[in-house]
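In full-length UniProt numbering, the protein residues as written are 1 to 254. Just below is one structure, and these are the notes that go with it.
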């Protein structure tokens with residue numbers, strides 16, 4: 001059973017990864033290059049005699065960087081798909097929702113855990129960023145914040161489960177409390193870890209917003225593709241559900 005979940009999760013990750021790879025190639029990489037040029041717009045100085053060679057090297061470097069970034073994006077989505085499948089297998093009974101909605105709940109929890117909560121302290125860094133801490137410290141901070149994000153996600157799901165039987169809107173409000181509290185409190189009590197002194201704040205905001213939206217889209221695509229693969233793999237279950245719905249409609253008819 002776990003193997004089936006894992007296979008579907010990896011395939012869903014491939015689907016999301018291909019879409020994300022196209023985004024990286026046609027949106028993220030050009031935007032990164034634009035931000036880099038905006039932060040280093042103060043001249044190249046001297047001489048035209050080596051321009052052709054430098055231009056060729058620049059094109060090769062850009063092509064290599066693009067291929068590496070696209071490949072990394074695809075592998076990242078596949079990794080998330082595998083983690084999603086294992087988490088769904090373990091926690092599906094505890095997740096609210098039915099008919100595939102629980103997959104999207106888990107996807108939201110995954111985004112909150114892996115991206116949203118850590119980025120409140122260590123946001124996506126555009127080219128030219130100044131970091132307060134070294135790479136090892138930033139990795140340690142990120143891992144700790146992933147743990148916090150998982151705790152916040154669990155608290156939101158548990159809060160919904162307790163309050164939703166009274167009213168779904170009350171459940172949604174209860175689930176929002178730990179999330180909103182984290183979004184408000186965490187940036188206020190942590191130092192500024194990343195600064196962008198050479199890039200306009202509006203451009204940095206746009207860069208970070210696109211990064212957040214692209215990661216959210218990966219999780220939505222993984223959940224949607226996983227649900228579709230599961231329905232195609234379990235036609236008997238779908239047939240039973242359809243027969244049950246038809247039976248309910250017939251018995252409800254006068």
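Where a beta carbon is used, it is the ideal one built from N, C-alpha and C, also for glycine. This one's a predicted model, so the numbers in the text were calculated from it and none came from an experiment.
To which residues of the same chain is residue i closer than 8 Å at the C-beta, ignoring the five residues directly before and after it?
i: residue 200; result: 38
i: residue 194; result: 122, 123, 125, 129, 130, 131 and 132
i: residue 107; result: 84, 219, 220, 222 and 223
i: residue 179; result: 112, 152 and 156
Excluding the 5 residues preceding and the 5 following residue i in the sequence, name in chain order all residues of the same chain whose CB lies nearer than 7 Å to its CB.
i: residue 230; result: 8
i: residue 23; result: 214
i: residue 92; result: 102
i: residue 177; result: 159
i: residue 78; result: 10, 13, 14 and 17
i: residue 196; result: 126, 128, 129 and 204
i: residue 206; result: none
i: residue 43; result: For residue 43, the pLDDT reaches just 39, beneath the cut-off of 50, and the residue's location in the model is therefore unreliable, although a value from the coordinates is still provided. Once the five neighbours on either side are set aside, residue 43 has no close Cβ partner at all.
Taking the alpha helix (DSSP H) that residue i belongs to, which residues open and close that run?
i: residue 36; result: 29–39
i: residue 92; result: It is not in any alpha helix (DSSP H) - residue 92 carries neither H nor E in the DSSP assignment.
i: residue 136; result: 135–163
i: residue 182; result: 168–189
i: residue 228; result: 201–233
i: residue 110; result: 101–111
Round the Cβ separation of residue i and residue j to the nearest angstrom and send it over; I've been treating them as touching at under 8 Å.
i: residue 159; j: residue 174; result: 4 Å
i: residue 153; j: residue 223; result: The Cβ separation is near 14 Å, so there is no contact.
i: residue 88; j: residue 5; result: 6 Å
i: residue 171; j: residue 181; result: Residue 171 to residue 181, Cβ: 17 Å. No contact.
i: residue 118; j: residue 36; result: Not confirmed; about 24 Å, so no contact.
i: residue 100; j: residue 227; result: 4 Å
From residue i to residue j, what distance separates their C-alpha atoms?
i: residue 83; j: residue 137; result: 25 Å
i: residue 96; j: residue 149; result: 18 Å
i: residue 28; j: residue 65; result: 12 Å
i: residue 210; j: residue 2; result: 34 Å
i: residue 144; j: residue 114; result: 11 Å
i: residue 26; j: residue 204; result: 18 Å
i: residue 208; j: residue 81; result: 23 Å
i: residue 32; j: residue 94; result: 40 Å
i: residue 156; j: residue 186; result: 16 Å
i: residue 20; j: residue 217; result: 8 Å
i: residue 52; j: residue 146; result: Residue placement at residue 52 cannot be trusted, given a pLDDT of 42 that sits under 50; the coordinates are not used to answer.
i: residue 62; j: residue 70; result: 12 Å
i: residue 73; j: residue 111; result: 15 Å
i: residue 161; j: residue 98; result: 13 Å
i: residue 142; j: residue 34; result: 27 Å
i: residue 90; j: residue 184; result: 31 Å
Does DSSP put residue i in a helix, in a strand, or in coil?
i: residue 4; result: helix
i: residue 192; result: coil
i: residue 9; result: helix
i: residue 72; result: helix
i: residue 54; result: Interpretation of residue 54 is limited by its pLDDT of 44, a score under 50 that renders its predicted location unreliable; no figure is taken from the coordinates.
Between which residues of its own chain and residue i is the CB-CB distance below 6 Å, once the five residues before and five after are set aside?
i: residue 76; result: none
i: residue 165; result: none
i: residue 104; result: 223
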